[in-house]
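Numbering (this note's numbering), first residue to last: 310 to 466.
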C-alpha cells in the first residue's frame with residue numbers, strides 16, 4: 310500500500326479525533342471518551358499548532374492510517390493506528406520516522422517516555438520501550454503503564 314507521512318494540520322483535526330474515538334473502547338475501561346479533555350477536537354488542534362508538539366500522520370490516498378505525536382522534548386503523547394491497519398507494522402514505521410526526524414542529530418542520551426494503555430504495552434515493548442514500573446497507574450480515569458525508550462547517540466561511545 311502506498312502511504313505518506315506528513316505533519317498534521319488544522320484541517321486534519323476532525324479525522325484524528327474520529328480515529329481516536331473509534332479506538333477508545335480498546336484503551337478506556339470505565340471512562341467516557343467524551344469527558345477526556347485531551348482528546349477533544351480543540352485540544353488536538355492546539356497540539357497540532359503548538360511548537361511543543363511534533364504531530365505527524367500517515368495516510369493512504371483514501372484514508373488515515375495512523376497518527377503519532379511527541380510532546381517535546383521527549384514524551385510520546387499519541388500513537389494510534391486505525392483498527393484495520395493494526396498488526397501490519399505501521400506503528401513501527403511511524404515510530405522510526407519520528408525518531409529519524411526528531412532524534413537523528415542527538416549528541417547525548419535521550420529518554421522518550423510514554424504512558425502505555427494496557428492494550429498497547431506489547432506494541433511499545435516491540436518498539437523497544439521498557440516498563441518503568443510493573444504496577445498499573447491511573448490518571449484521569451485512564452489506566453496505563455509508564456514506559457521508556459533510550460536513544461544513545463553514536464557520539465557518546
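All C-beta atoms in this analysis are idealised placements derived from N, C-alpha and C, irrespective of residue type, glycine included.
In three-state terms, what does DSSP make of residue i?
i           : result
residue 452 : strand
residue 426 : strand
residue 355 : helix
residue 403 : helix
residue 375 : strand
residue 394 : helix
residue 465 : Residue confidence for residue 465 is low, a pLDDT of 41 falling below 50, so the modelled location carries little weight; the figure read from the coordinates is stated next. Residue 465: helix per DSSP, three-state reduction.
residue 436 : coil
residue 380 : strand
What number of angstroms, rounded off, separates the C-alpha of residue i from the C-alpha of residue j?
i           : j           : result
residue 284 : residue 369 : Nothing in the structure corresponds to residue 284, since the chain is present only between 310 and 466.
residue 373 : residue 444 : 33 Å
residue 352 : residue 322 : 9 Å
Pick out whichever of the options has its Cα sitting closest to the Cα of residue i.
i           : options            : result
residue 410 : 380, 363, 450      : 363
residue 427 : 418, 421, 448      : 448
residue 376 : 424, 421, 325, 383 : 325
How would you write the range of the beta strand (DSSP E) that residue i sits in, first residue to last?
i           : result
residue 336 : Looking at the DSSP string, residue 336 is not in any beta strand (DSSP E); the run it does join, the alpha helix (DSSP H), is 322–336.
Of all the CB atoms in chain C, is at least one closer than 9 Å to the CB of residue i?
i           : result
residue 388 : Protein chain content of the structure displayed is limited to a single chain, and chain C is not contained in it.
* **the stretch 348–365 / the stretch 315–322 touching (three or more Cβ pairs under 8 Å)** => Three or more pairs of CB atoms, one per stretch, sit closer than 8 Å, so the stretch 348–365 contacts the stretch 315–322.
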